[in-house]
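K.L.:
Numbered per this note's numbering, the sequence shown finishes at 123, counting up by one with no gaps.
I am attaching a structure below and will ask some questions about it afterwards.
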Amino acid sequence: MSKKQCKKGQQYSNRVKDVGETFYHLDSSPVRITAVDIPMPYANSLEVATLPQASDIIHTVKKILATSEACRDIRKRSATSSSPGS
């Protein structure tokens with residue numbers, strides 16, 4: 038969901054990437070959740086519709102966790118440790 042309007046998010050994301058080794062310790066690439074890439078509407082109801090909502094954040098976090106290799110390893114370990122024969 039990377040959009041042009043997220044200037045601060047871009048700065049933070051680039052800073053993490055520029056630190057060098059720090060980037061390689063992340064389980065996934067940085068992701069920005071931003072407003073829709075359109076001019077901000079004046080009407081409150083439309084403005085709210087363009088901004089990220091809690092559901093957008095939850096969806097993105099679940100997507101990252103589903104694809105993260107570290108999280109897959111944790112799920113495998115918890116599945117084997119909770120199996121009846123353990």
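Think of the CB as a built atom: it goes at the ideal place given N, C-alpha and C, for glycine as much as any other residue.
Please report the distance separating the alpha-carbon of residue 101 from that of residue 95.
P.N.:
Within the sequence shown, residue 101 is the residue found at index 64, counting from 1. Within the sequence shown, residue 95 is the residue found at index 58, counting from 1. One C-alpha to the other measures close to 10 Å.
K.L.:
Is residue 88 helix, strand or coil by DSSP?
P.N.:
Start at 1 with the first residue of the sequence shown, and residue 88 comes out as number 51. Residue state, collapsed to three classes: coil.
K.L.:
Among 103, 71, 91, 80, whose alpha-carbon lies nearest the alpha-carbon of residue 64?
P.N.:
Here residue 64 corresponds to residue number 27 of the sequence shown, with the count starting at 1. The residue with the shortest Cα to Cα distance from residue 64 is 103.
K.L.:
Just verifying my parser: in three-state terms, what is the DSSP assignment at residue 96?
P.N.:
Taking the sequence shown and counting its residues from 1, one reaches residue 96 at position 59. Three-state DSSP puts residue 96 in a helix.
K.L.:
With the cut-off set at 9 Å, would you say residue 89 and residue 70 are in Cβ contact?
P.N.:
Within the sequence shown, numbered from 1, the residue matching residue 89 stands at position 52. Within the sequence shown, numbered from 1, the residue matching residue 70 stands at position 33. Against a cut-off of 9 Å, the Cβ pair of residue 70 and residue 89 comes out as a contact.
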